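Protein chains in written order, with the numbering used here: chain E, 1328 to 1584; chain H, 1328 to 1584.
The beta-carbon is built from N, C-alpha and C at its ideal position, and this holds for glycine as well.
This structure is a prediction, so every number in the text was calculated from the model and none was measured.
See structure below.
Number of protein chains: 2
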Amino acid sequence: MTQIKDVVLRWSYPQAMSSDHSPGLSTTSEQFDRFASAILPCGICDRAFARFRSLARFDGAATGKAPLAKTGEDQIVFVASGATKLVAHATHGREQIVAFHFAGDLVSVPARAAHAYTLVALQPCALVTFPAAAFMLAARAEAGLLNEVLQRALRALDRSREKSIILGRKSAQERVASFLATMAERIGAPQDGGCVLDLPMSRRDIADSLGLTIETVSRQFGELRDLGLLETSGRSIVKLHDLAGLDARAGHLPVAA
Amino acid sequence: MTQIKDVVLRWSYPQAMSSDHSPGLSTTSEQFDRFASAILPCGICDRAFARFRSLARFDGAATGKAPLAKTGEDQIVFVASGATKLVAHATHGREQIVAFHFAGDLVSVPARAAHAYTLVALQPCALVTFPAAAFMLAARAEAGLLNEVLQRALRALDRSREKSIILGRKSAQERVASFLATMAERIGAPQDGGCVLDLPMSRRDIADSLGLTIETVSRQFGELRDLGLLETSGRSIVKLHDLAGLDARAGHLPVAA
DNA sequence: CCACGTCCTTGATTTGCGTCAAACGCCCGC
DNA sequence: GCGGGCGTTTGACGCAAATCAAGGACGTGG
């Protein structure tokens, strides 16, 4: 880490990005530091480090905005702060949220497939963005980095597969319970034997992620509340009283022996 | 490649695996050769090569069987020949197929998550299997190999995300059309301006993959047939007459300008 | 070639969730 | 503190797909 800090200090920074002036966002050096410490391996050489630094673009976004330029290229994005959703667009204005991301996450954003994709801010956020091809080229001889990126890709794949089960076979209540159980794990603050969630996504987002409608999500929150599993406060606070009960409602298999 | 062949010839083979006697399956050396040529980089050192060879286990399976031992560990599986499906199990006997794989594919098979997973043969197949932790340990300094595995993981992630859209927002007809369009791309044999599919998965598998029931899949095949888009012959042959028409029925966005 | 088991197709009925509409609540800006 | 816009909740009704049932087709083994 000392080495990395030395390198940082040796570099003069590119012109300030427009995102530098967004309220509450960190500077580009802080953002890159976060990327470097989370993703780049300890022993990476100066040359590679400099290459990544020169490839990095810094984007910030206010809630609901889509900060990434449409470059026609796949991109690799590090969420330095805040939270985002990856939205897939189908015909007739249909949208499906395929993933939520939080600070520290690395996201592969495809330029285009059978559907179009947009990365959208769930709350004010700072992003470190790389063109994917150039990133991969720079990374091609960096085993430690490739290992880190691979582990993250495999985790994202695991999550995506779990979503397939939810969307393909679960009832509305199971879907909502599943969503809450996952959020408890990822961003829950323990409290009184349960936990508290401060959800950055709206009911609409939750619905778009679960393949349901807003009304159905709201109804299921009500049913889980009537079962004593949770209480809500305002639009974003959810207190979960019984995580095991929620797991059971989610249709998760019991923990293996 | 010459180097790799030399190395192969230098090794004495472990005791024959039981799968060696399965009808129609290749020998373990052929299977490992396929793995090496598809996945291992050209310049890999003897030591690493030998390490992977010693980690490899060889499994074959008849249609419908699950060849992998329940080791309680994540596994990395190379499909040397045949085709497989990764089945996720939820409560109440519910199953969701999260992915199909064909010869040459590399599969990450999780030991366990909120759901249980089983890799099942769609047709007679030969698999080269590694414990995932040991595989990753052996691969940790092999940038070329990590790059190859990462590209494959990202492709699997793309596919899984596309499946989320299908399951989350598409109608039954769009789902079936999407499935057929994807299979045309992956295993279609061009014929008369369209293509022919010899599908290794049953209607049941298709339904379990698309979050539908057998009956609905059958009905949608009938509707697409009535639209002139396809004809079926037996249980596994599907002739697709109009791939563009199928794409439109799948709800895919028009190709970007 | 035939028998059998399993897969696939087809029709009728039921159901969970979507759609439509409107009232209520929250949060932000002035 | 207040007003307005937007998000959330709630109720009624409709619908695409699931469920149930049964007949037809296919593929394999003897």
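Distance, residue j Cα to residue i Cα
i       : j       : result
A1577/E : K1490/H : 21 Å
A1534/H : T1354/E : 50 Å
A1511/E : A1426/E : 16 Å
T1445/H : G1555/H : 37 Å
L1413/H : A1438/H : 12 Å
E1558/H : R1531/H : 19 Å
T1509/H : V1544/E : 31 Å
P1514/E : A1504/E : For clarity, residue 1514/E is Ile in the given sequence; the question names Pro instead. Roughly 15 Å separates the two Cα atoms.
A1388/E : R1374/H : 49 Å
I1371/H : S1498/H : 48 Å
S1349/H : D1432/H : Bear in mind that a pLDDT of 43 at S1349/H, under 50, signals an unreliable position, so the model cannot answer this.
I1492/H : A1417/E : 8 Å
D1386/H : P1394/H : 6 Å
R1467/E : R1378/E : 12 Å
D1553/E : F1429/E : 30 Å
T1456/E : G1399/E : 14 Å
S1435/E : L1537/E : 21 Å
I1366/H : L1472/H : 7 Å
A1453/H : I1403/H : 14 Å
Burial state of residue i (16 or more Cβ within 10 Å)
i       : result
S1364/H : exposed
R1482/E : exposed
K1397/E : exposed
R1380/H : buried
R1496/E : buried
Q1518/H : exposed
D1574/E : buried
G1351/H : Residue placement at G1351/H is flagged as unreliable, the pLDDT there being 45, under the threshold of 50; the coordinate-derived value follows with that caveat. The residue in question, G1351/H, is exposed, as its Cβ has fewer than 16 Cβ neighbours within 10 Å.
P1581/H : exposed
A1460/E : exposed
H1419/E : exposed
D1401/E : buried
G1409/H : buried
Q1547/E : buried
Q1423/E : buried
C1369/E : exposed
E1542/E : exposed
I1564/H : exposed
Simplified DSSP state of residue i, which is helix, strand or coil
i       : result
I1533/H : helix
K1490/E : helix
T1398/E : coil
T1456/E : strand
E1558/E : strand
T1509/H : helix
S1498/E : coil
V1582/H : coil
A1577/H : coil
A1389/H : coil
M1528/H : coil
I1366/H : helix
G1549/E : helix
L1539/E : coil
E1357/H : helix
I1331/H : Note that I1331/H scores a pLDDT of 33, beneath 50, so its modelled location is shaky and nothing firm can be said.
E1469/H : coil
DSSP bridge partner residues for residue i (one or two, in chain order)
i       : result
C1522/H : P1517/H and L1567/H
R1384/H : T1456/H
E1422/E : H1416/E
T1445/E : V1414/E
V1436/E : Q1402/E
S1408/E : A1453/E
F1427/H : K1412/H
Proximity test, residue i beta-carbon vs the ligand SAH heavy atom, cut-off 7 Å
i       : result
Q1402/H : No copy of the ligand SAH occurs in the structure displayed, which carries no ligand at all.
Chain-ordered neighbours of residue i on chain E, where CB pairs are closer than 9 Å
i       : result
S1435/H : L1481, L1484 and D1485
R1467/H : A1470, G1471 and N1474
Under 7 Å by beta carbon: chain H residues contacting residue i
i       : result
K1490/E : S1491
L1473/E : A1470, L1473, N1474 and L1477
Within chain H, the residues that residue i reaches when beta carbons sit closer than 8 Å
i       : result
Q1423/E : S1491, I1492, G1495 and R1496
E1542/E : Chain H residues near E1542/E: none, gap ~16 Å exceeds 8 Å.
H1442/E : E1489, I1492, H1579 and L1580
Residues that residue i contacts on chain E, provided the C-beta gap is smaller than 7 Å
i       : result
G1538/H : L1494, G1495 and R1496
G1420/H : Ordered by position in chain E, no residue passes the 7 Å Cβ test against G1420/H, which lies about 10 Å from the chain.
G1578/H : A1417 and T1418
Cross-chain neighbours of residue i in chain H, by beta carbon under 9 Å
i       : result
L1448/E : At residue 1448/E the sequence reads Ala, which differs from the Leu that was named. Those within 9 Å of A1448/E in chain H number zero; the least Cβ separation is about 19 Å.
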